Amino acid sequence: MQTTVDRAGLSRLISAAGGIADGITAVIDDLGAQAVAAAVVGELLHRADVPAGPDVSVHLGLRHGDATIRYGLQVGSAGIAHHPVGGEREPAGVPDVSLTQDLTEVVRSLFGPRGAQSSASRVVHWGHLENPAAFDRPLPAYDVVRRMVDALDRPYDVGLAELCVRYGSDKWGHHTYPRRYEQHFGPLRDQPLTILEIGVGGFGDQRRGGASLEVWRRYFPRALVYGLDIVDKSHLGGQRVAVLQGDQSSPVDLARVVEVMGRPDIVIDDGSHVSAHLLASFAYLFPVLRDGGLYVMEDLQTSYWPTFGGRAGTYDDPATSLGFLKTLIDGLHHEEIVGRAPAATDPDIGGVHFYHNLAFIEKERNLDGGAPSWIPRGVRQRTSVPD
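Straight run, no breaks: the sequence shown in UniProt numbering ends on number 387.
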């Protein structure tokens, strides 16, 4: 019996969650209800953000067909722990609360688009109702279950800046990138996506990093997130997150990354910030980026710093990151320019957006045609006006 769902299985589950209930159920049956339940519980507890606190016990039941898959959850001073309970039997002991819901409905709530959430099958039983003293003040169990239910029902979306602070990403603070990311990523938030971020963080320390990967995992509830780092930080991966080791300037390493993850919808380059490395990554990854995708480059101030391959006092050198990005603006208008040698990227540049130290490149067909041929493109000849 399969006990875990791999990334390919998660991708199937996420895709099915946007469709009809029978389709979701069929994928659950194919992947194995026990394995899907384990993935669901991991995702639910990750999003619920239950903090360490007073002891609270929760019995969670996920119904599928005629069976109920049961988990025991325990909150305490060390945080929250969970374990599956075999068979149909209830976890031992009287819980503070029990929550039961159909597995298909939970999959749709967690992995489906916003607005697809449902609580029609949910049943919550509180274990303290026969104790009059329990009504004198709110119990710790109330907040635990509220967090779990909010994770399922998604009554609100947490903003990107808050997530950056929560997980310790430097995209907010010294940088103020979240508002620009919200502009471009907000419309994509509910879509099933494949995201690659180059640079996992923590520099050469193998134990550190992964903050922004957790941000993207939380911000995009239907995405599979991949990180690439020159240092082996694969242990920082988790459900819907994988960390690969490789050199961002190596086509061989980048080809291996694409082989593992498939074509990305979003690429974020927060790697070495060396101009030659940024350009090498773009040259390989932009062609495999899906149509409609976004390619992002961060910390572009290094384009002016010789330490990172930049050019002090020279601002249009295409060997620097910003100098190269400026050429994409000409590429955006390639069908209007006379005498310019075509660039490989010209047909795929749909838009280029510059912000402080940050750029977004949109990939879409750029072959709408130029101005009519009868409009003069050479030097305009002055014509005399008759008296």
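Glycine included, every Cβ here is placed at the ideal spot set by N, Cα and C.
All values derive from a computational prediction rather than experimental measurement.
- Here DSSP, grouped into helix, strand and coil, assigns Val50 to coil.
- Within the same chain, Leu31 come within 7 Å of Gly9 by CB-CB distance, once the 5 residues on both sides are set aside.
- When Tyr142, Thr302, Leu236 are compared, the shortest CA-CA separation from Val225 is found for Leu236.
- Unbroken beta strand (DSSP E) stretches of 3 residues or longer found wholly inside the region 276-348: 294-298, given in chain order.
- Taking 8 Å as the cut-off, the beta carbon of Leu244 is found closer than this to the beta carbon of Val260.
- One alpha carbon belongs to Pro251, the other to Gly262, and they sit about 15 Å apart.
- The Cβ atoms of Arg146 and Asp49 lie no closer than 8 Å to each other.
- For Trp216, the secondary structure class from DSSP, reduced to helix, strand or coil, is helix.
- Judged by their CB atoms, Pro140 and Pro54 are nearer to each other than the 8 Å cut-off.
- DSSP, read as helix, strand or coil, puts Ile266 in strand.
- Two segments are said to touch when three or more pairs of C-beta atoms, one from each, lie closer than 8 Å; by this definition the region 104-115 touches the region 4-22.
- For the pair Ser57 and Pro84, the CB atoms are not nearer than the 8 Å cut-off.
- A Cβ-Cβ distance of about 11 Å is found for the pair Thr4 and Ala37, leaving them out of contact under the 8 Å criterion.
- Straight across, the Cα-Cα distance linking Val338 with Leu332 is about 14 Å.
- Distance from the CA atom of Gly292 to the CA atom of Ile195, rounded to whole angstroms, is 13 Å.
- Just so you know, the alpha carbons of Cys164 and Ile375 end up roughly 51 Å apart.
- In this structure, the beta-carbon distance from Asp346 to His334 falls below 8 Å.
- By alpha-carbon distance to Thr302, the top candidate from Gly76, Thr327, Gly271, Tyr295 is Gly271.
- Note on geometry: alpha-carbon atoms of Leu60 and Leu103 lie some 11 Å from one another.
- Listed in chain order, the non-local C-beta contacts of Val124 below 6 Å within the same chain comprise Leu99, local neighbours out to five positions each way being set aside.
- Per DSSP, Pro178 lies in no beta strand (DSSP E); the unbroken alpha helix (DSSP H) holding it starts and ends at 178-185.
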